[in-house]
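Trainee:
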Amino acid sequence: MNPGLRRANVALFVPHAGCPHQCSFCNQRAITGQAGLPGDEDIRQAAETALRTLGEDARQAEIAFFGGSFTAIPEPEMRRMLDAAYPYVADGRFHGIRISTRPDAIDQRILEILQSRGVTAVELGAQSMDDRVLAANGRGHTAAHVRQAAARIREAGLELGLQMMTGLYGDSDKGAMDTLEALLALHPDTLRIYPTIVLEGTRLAELYRQGEYRPQTVEEAAALCGRLLMRCNAAGVPVIRLGLHEIEKARYMAGPWHPAFREICEGNIYLDAARRALEGRPAGAYFLYVGRKNTSRMAGQNRRNLDALAEAGYLCRVREDAALSAFAVRAEKRE
-5 MNPGLRRANV ALFVPHAGCP HQCSFCNQRA ITGQAGLPGD EDIRQAAETA
45 LRTLGEDARQ AEIAFFGGSF TAIPEPEMRR MLDAAYPYVA DGRFHGIRIS
95 TRPDAIDQRI LEILQSRGVT AVELGAQSMD DRVLAANGRG HTAAHVRQAA
145 ARIREAGLEL GLQMMTGLYG DSDKGAMDTL EALLALHPDT LRIYPTIVLE
195 GTRLAELYRQ GEYRPQTVEE AAALCGRLLM RCNAAGVPVI RLGLHEIEKA
245 RYMAGPWHPA FREICEGNIY LDAARRALEG RPAGAYFLYV GRKNTSRMAG
295 QNRRNLDALA EAGYLCRVRE DAALSAFAVR AEKRE
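Just so we're aligned, residue -5 is where the sequence shown starts under the numbering used here, counting upward by one.
As structure tokens, this is what we get:
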């Protein structure tokens, strides 16, 4: 079972809080749009708003502290935020608390604090499992830290989430695939995959200006992330985020940010699957059958997948077949 697959989050951001390093790509303010820690009233208001919005579904939702290295925050502040959120978990109004942190900021004492205050899931910002890439990007931890922290989290009985990035300075597509394999070997419950974006105010921005770093294009990142997504699907590990949700446009310089990045990735996968299903068949009219709620993915953004198939001589309409799994496509001649 993968409990994080469809669980809602009440997201509270702790930008750069607790992190002792400035990674090459990091400008949390540009991603979250805020600079300070959430206060107790911020936490309560977010929880109360979610209760009104979600109703009974809140019982399956998590209060989530994202953006910074939560367990590296000074302990009084970490405890304060957990104490503000915990009453909503203790009485069953929410399922639990989810936090994200650095792999080198997890030890037995920290885990005991988290367990005592209703934390149910810990996500580790691994980003890469190549020590050379980690050092080049100023991460300040190694792949061994990721493995050790992941093992501790699983031993504590908490849900394990892992986060990785593509297109990092000094990395390659093969390196990203190798990182994914190393992360899957740790048996995570969930994964997040983020293509690297160049933001003003980062070391990566300087490298980009100097011509030392070339970011991925949207097309390049989508092709790679599509392969990563397929591998995760085969391994039965849900990717609960693919691409940054939003950024401050004024700080964006370059890189594969798109508001519908996941849709592009999934559309590419379906187009490839359709081409395989149609391979060797004569041009003409066909039905393409896909699993439930996947017709728009098969059609592609602005129907670009169907347009591409039409250019190859295949006039296709999309229908649902509940028996088909994700990313599977069946073609049938249309009379």
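Idealized CB from N, CA, C, for every residue including glycine.
Report back the beta-carbon spacing between R286 and E314 to the nearest angstrom; my notes put them in contact at under 8 Å.
Mentor: So it is a contact: roughly 5 Å between Cβ atoms.
Trainee: What do you get for R256, buried or exposed, if any count of 16 or more other CB atoms within 10 angstroms of its CB means buried?
Mentor: Classification of R256: buried, given that the 10 Å Cβ count is 16 or more.
Trainee: So, I93 versus T65, is the Cβ gap smaller than 8 Å?
Mentor: Yes, they are a contact pair.
Trainee: Considering only residues of the same chain and omitting the five flanking positions on each side of N299, which have a CB-CB separation below 8 Å?
Mentor: Result list for N299: G261, Y264, L265, A268, M292, A293, in chain order.
Trainee: What first and last residue would you give for the beta strand (DSSP E) that runs through T184?
Mentor: 184 to 189 is the span of the beta strand (DSSP E), which, as asked, contains T184.
Trainee: Rounded to whole angstroms, what is the Cα-Cα separation between E106 and L76?
Mentor: Approximately 13 Å between the Cα atoms of the pair.
Trainee: With distances taken Cα to Cα, identify the nearest neighbour of T211 among I241, L201, H252.
Mentor: Minimum Cα distance to T211 is reached at H252.
Trainee: Below 8 Å between beta carbons: does that hold for E153 and A120?
Mentor: Result no, Cβ atoms of E153 and A120 do not sit closer than 8 Å.
Trainee: Looking only at DSSP bridge pairs, what is I147 linked to?
Mentor: DSSP lists no partner for I147.
Trainee: Straight-line CA distance for I25 to D301?
Mentor: Unreliable positioning characterises I25 in this predicted model, as indicated by a pLDDT of 45, which lies under 50. The coordinate reading is nonetheless provided below. The alpha-carbon atoms of I25 and D301 are separated by roughly 34 Å.
Trainee: Report the CB separation of V312 from T289 in whole angstroms; it is logged as a contact under 8 Å.
Mentor: Confirmed, Cβ separation roughly 5 Å.
Trainee: At the level of alpha carbons, what is the spacing between D183 and E240?
Mentor: If you take the alpha carbons of D183 and E240, they lie about 24 Å apart.
Trainee: Please name the residue in F19, A229, S166, V231 whose C-alpha comes closest to that of E214.
Mentor: E214 has its Cα closest to that of S166, out of F19, A229, S166, V231.
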